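To start, the structure under review is shown below, and the notes come after it.
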Amino acid sequence: MSGTYLGMPAFPEAAAKSTQDTQLRGNLRHATHTIRAKRAVAVAELEDWPQLRAAGAAVKDRTLRHLDHYLEQLETAVTAAGGVVHWAADAAEANRIVTDLVRATGETEVVKVKSMATQEIGLNEALAEAGIHAYETDLAELIVQLGDDLPSHILVPAIHKNRSEIRDIFTERMGDWGRAAPAGLSDEPADLADAARLHLREKFLRAKVAISGANFMVAETGTLVVLESEGNGRMCLTLPETLISVVGIEKTIPTWQDLEIYLQTLPRSSTAERMNPYTSTWTGTTEGDGPQTFHLVLLDNGRTDTLADTVGRQALRCIRCSACLNVCPVYERAGGHAYGSAYPGPIGAILTPQLRGTASALDASLPYASTLCGACYEVCPVAIDIPEVLVHLRERVVEGGAVTLRGTRAVIKPARGHAAERAAMRAARWTLDHPAALRAGQRLAARTRRLHPARLPGPGRAWSATRELPAVPAESFRDWWQRTRGEGKST
Amino acid sequence: MSHLDPVSPPSGASSRELILGRIRRALADVPRDELPGSVPLDRDYLRVHGTRTPEQTADLLAVHLADYRALVHRCPSGGLPALIATLLAERGARSAVVPDGLPDGWLSAVSGVELVADTLALTARELDAVDSVVTGCAVAVAETGTIVLDGSAGQGRRRITLVPDHHICVVLAPAQVVDSIPEAMERLDPARPLTWISGPSATSDIELDRVEGVHGPRTLEVILVDE
Ligand code: SF4
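Quick note, the sequences are listed as chains A and B, same order. Just so it is clear: in the first sequence, position 20 is 20 by the numbering used here, and no numbers are missing. Just so it is clear: in the second sequence, position 182 is 673 by the numbering used here, and no numbers are missing.
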């Protein structure tokens with residue numbers, strides 16, 4: 001695997017490969033089930049979870065419906081506090097802005113705290129082309145970067161690697177990037193973390209420029225917020241002289257008080273903790289403390305197109321907690337790489353085709369990488385109805401219709417006969433061909449009954465036109481599939 | 492503006508209009524007379540989970556801090572100087588960084604430890620050679636086991652509680668202890684840089700085994716002073 005998502009095969013091909021990787025599947029299964037169980041306990045501690053979830057969704061809806069207003073307010077507040085705000089319409093512009101800002105400092109090395117937005121735009125590659133080394137400092141991102149690999153999970157990007165693989169990567173590669181791993185490094189997690197600590201500290205103490213993302217931006221006050229565990233975020237946000245934050249425009253929330261909702265729901269949904277070890281908030285620059293130059297790059301890159309879709313808009317509420325990944329039977333079997341973007345799992349299946357459009361075979365196949373079981377909606381702390389958006393996007397892939405592409409209204413043609421449609425069909429078949437994935441997806445079927453269409457949307461239409469789709473309560477989708485397909489027992 | 496050097500003018504100036512224009516077109520379904528504040532938002536979630544006496548709140552803070560592997564100590568206010576001295580000695584600290592405005596008496600029993608002032612001139616490398624740091628805090632949150640530092644007197648620059656491997660943080664109970672996140676938000680000033688700390692630095696990136704201390708202090712000791 002090379003460090004880029006470009007040119008990846010469509011979901012079914014990529015998934016077919018990863019499902020044969022028993023190591024990967026074992027790691028994934030263990031990890032997702034562990035986090036899932038812990039999360040349920042952490043959430044159950046808060047008796048007002050439904051109210052927090054509704055308020056979290058409502059704050060984001062308020063923001064999205066008046067995003068222009070809040071972005072202007074944010075810009076004013078950040079500027080007043082000593083920051084400089086830049087606007088980037090797409091990935092290329094964001095990369096150019098950041099590259100120029102780093103160049104202006106005269107530095108050729110930057111430290112980075114894990115940021116999905118910079119992964120989405122391929123910033124590290126763009127910086128490398130300009131002769132600038134970007135060092136990922138999150139432990140998992142370091143593992144991924146040293147291994148010339150790609151992240152496979154939002155929260156635990158190296159979830160697909162086990163301890164001995166990590167030890168080997170550290171032993172073989174750390175020396176190429178800086179301080180080498182200690183001789184005779186064991187595969188004990190504590191020793192591995194220690195090796196990372198020593199390797200990275202050298203970089204933190206030297207770094208003049210840092211690049212971050214942000215979990216939230218408070219429009220009212222101009223405050224940026226980063227939640228993390230390891231302290232690499234704090235290192236990047238405090239030690240360097242210049243801080244550049246690249247943040248999607250949808251990360252805005254209106255008021256300081258609104259943050260109280262997400263500080264309760266995000267850690268519990270994400271790492272299943274009452275609170276993550278470190279949260280940093282900063283407003284512009286502070287004399288004598290932390291970076292004295294602060295740049296905020298506001299990123300569109302398809303977000304306004306997503307905003308224009310009244311069904312798909314809700315995907316912009318996402319706070320990247322990763323809870324939906326951990327309950328998804330398809331993600332559990334296919335792994336994160338199969339989704340071909342920085343955003344894997346159920347949220348990736350709806351966000352990526354909206355941010356990038358559905359022209360490529362990969363992006364057209366993503367809305368089909370699901371059993372529509374509804375488990376992702378159940379756990380989502382901002383109540384994104386992922387199945388609803390999936391069905392909506394399936395229709396778009398096959399029937400075409402009005403969309404907004406890079407800010408311009410367009411009518412896309414149905415994908416009939418197109419490579420995209422074939423990819424989508426294969427993804428649907430992939431899902432249906434994995435009875436275990438489908439079975440795991442059926443437990444919540446009753447609750448999502450309304451989402452099971454009378455006719456299969458999209459490519460399934462022609463197929464379902466000749467078959468009666470029974471009402472869901474009569475039998476599970478899986479049982480029905482097994483029976484009507486006439487292939488006997490599930491495995 | 493707190494920085495002295497002029498910064499280059501923002502780039503992407505025309506993209507600003509482009510993006511704002513796209514947003515306005517994208518929101519064609521939003522009624523023209525709808526104000527941001529008229530989008531419904533119920534804050535019917537709880538401000539506090541449960542009812543507690545101040546003592547119970549402090550107890551809960553201690554339990555939750557310990558859950559995330561902070562070492563928690565409690566003492567009456569008169570016992571604080573001796574306890575700080577003991578903790579530094581047990582740790583074998585040869586040096587400790589001290590923020591401006593730390594109450595004078597707190598370190599009165601410390602001996603044999605070089606006290607390093609938190610100044611601008613102190614480089615990150617010098618700080619890296621310091622063993623410990625002693626600070627106060629702005630507020631502590633019982634329900635989540637969190638202490639919050641805001642850089643005001645007795646707390647210092649953000650880096651001093653990050654680079655040394657051992658952090659002793661003093662929390663005055665009940666004055667600095669609140670029950671919940673909403674209560675903490677109310678007390679904090681977003682204009683200040685804030686650091687929320689819940690247990691020591693930790694990672695679960697390797698097979699989900701929790702390991703303390705990747706980058707931040709590996710040992711967090713919280714002293715709850717019962718006033
Ligand atoms: S869609 Fe919801 S559950 Fe999934 S990552 Fe985003 S906020 Fe979390």
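Backbone N, C-alpha and C define an ideal beta-carbon position, used for all residues, glycine too. None of these values were measured; they are calculated from a predicted model.
{"Query": "Pair within 9 Å by beta-carbon distance, L537 (chain B) and E47 (chain A)", "Result": "yes"}
{"Query": "Cutoff 9 Å: N493 (chain A) Cβ touching any chain B Cβ", "Result": "Absent from the structure is residue 493 (chain A), since the part of chain A shown begins at 1 and ends at 491."}
{"Query": "Closer than 8 Å: G345 (chain A) CB and nearest the ligand SF4 heavy atom", "Result": "yes"}
{"Query": "Proximal residues to V297 (chain A) (C-beta, below 6 Å), its chain only, five neighbours per side dropped", "Result": "H86, A88, A94, I97 and V246"}
{"Query": "Amino acids of chain A, ordered along the chain, whose beta-carbon sits closer than 8 Å to that of G636 (chain B)", "Result": "R274 and M275"}
{"Query": "Beta-carbon proximity of G290 (chain A) to H706 (chain B), cut-off 9 Å", "Result": "no"}
{"Query": "Ranges of the alpha helix (DSSP H) found wholly within the stretch 237-292 of chain A, counting only runs of at least 4", "Result": "259-270"}
{"Query": "Supposed close pair I261 (chain A), A55 (chain A) - CB separation, criterion 8 Å", "Result": "5 Å"}
{"Query": "Delimiting residues of the alpha helix (DSSP H) encompassing D168 (chain A)", "Result": "R163 to W177"}
{"Query": "Classification of E698 (chain B) by the beta-carbon crowding that lies within 10 angstroms, buried from 16 upward", "Result": "buried"}
{"Query": "The ligand SF4 heavy atom lying under 8 Å from the CB of L325 (chain A)", "Result": "yes"}
{"Query": "Neighbour list for R179 (chain A) in chain B, Cβ cutoff strictly below 8 Å", "Result": "Correct list: empty, because the minimum Cβ distance to chain B is about 14 Å."}
{"Query": "Proximity test, R320 (chain A) beta-carbon vs the ligand SF4 heavy atom, cut-off 8 Å", "Result": "yes"}
{"Query": "Proximity test, Cβ basis, 9 Å: A196 (chain A) and chain B", "Result": "yes"}
{"Query": "R507 (chain B) Cβ short of 8 Å to the ligand SF4 heavy atom set", "Result": "no"}
{"Query": "Own chain, CB closer than 6 Å to H209 (chain A), minus 5 neighbours either side, in chain order", "Result": "It is Val, not His, that sits at residue 209 (chain A) in the sequence shown. Contacts found: V102, T105, E107, V110, P240 and T242."}
{"Query": "Continuous alpha helix (DSSP H) stretch holding L578 (chain B): start and end", "Result": "L571 to R582"}
{"Query": "Within chain A, partners of D520 (chain B) - CB distance below 8 Å", "Result": "T310"}
{"Query": "CA-to-CA distance, G704 (chain B) to D258 (chain A), given in whole angstroms", "Result": "31 Å"}
{"Query": "S269 (chain A) Cβ short of 8 Å to the ligand SF4 heavy atom set", "Result": "yes"}
{"Query": "Separation of D194 (chain A) from D187 (chain A), as counted between CA atoms", "Result": "11 Å"}
{"Query": "Cross-chain neighbours of T710 (chain B) in chain A, by beta carbon under 9 Å", "Result": "Near T710 (chain B) there are no residues of chain A at all, since even the closest Cβ is about 13 Å away, more than 9 Å."}
{"Query": "Counted within 10 angstroms of its Cβ, other Cβ atoms place H160 (chain A) as buried (16 or more) or exposed", "Result": "buried"}
{"Query": "Any chain B beta carbon closer than 9 Å to N162 (chain A)", "Result": "yes"}
{"Query": "Cβ separation of A383 (chain A) and R53 (chain A), assumed to be a contact under 8 Å, to the nearest whole Å", "Result": "6 Å"}
{"Query": "C373 (chain A) Cβ short of 8 Å to the ligand SAM heavy atom set", "Result": "Because the ligand SAM does not appear in the structure shown, any question about it cannot be addressed here, the ligands present being the ligand SF4."}
{"Query": "Chain A residues whose Cβ lies nearer than 8 Å to that of S692 (chain B)", "Result": "S229, E230, G231, P277 and Y278"}
{"Query": "Any non-hydrogen atom of the ligand SF4 closer than 8 Å to V379 (chain A) Cβ", "Result": "yes"}
{"Query": "Contact check, I350 (chain A) vs V379 (chain A), beta carbons under 9 Å", "Result": "no"}
{"Query": "Contact list for S506 (chain B) against chain A, beta-carbon separation under 7 Å", "Result": "W87, A88, A89 and E93"}
{"Query": "Any chain A beta carbon closer than 9 Å to I688 (chain B)", "Result": "yes"}
{"Query": "Chain A contacts made by the stretch 572-593 of chain B, where a contact means CB separation under 9 Å", "Result": "none"}
{"Query": "L355 (chain A) versus R303 (chain A) - alpha carbon distance", "Result": "6 Å"}
{"Query": "Three-state secondary structure (DSSP) of A130 (chain A)", "Result": "coil"}
{"Query": "Alpha-carbon to alpha-carbon, I510 (chain B) and E220 (chain A)", "Result": "20 Å"}
{"Query": "The stretch 537-551 of chain B: positions lying closer than 8 Å to chain A by Cβ", "Result": "L537 and H540"}
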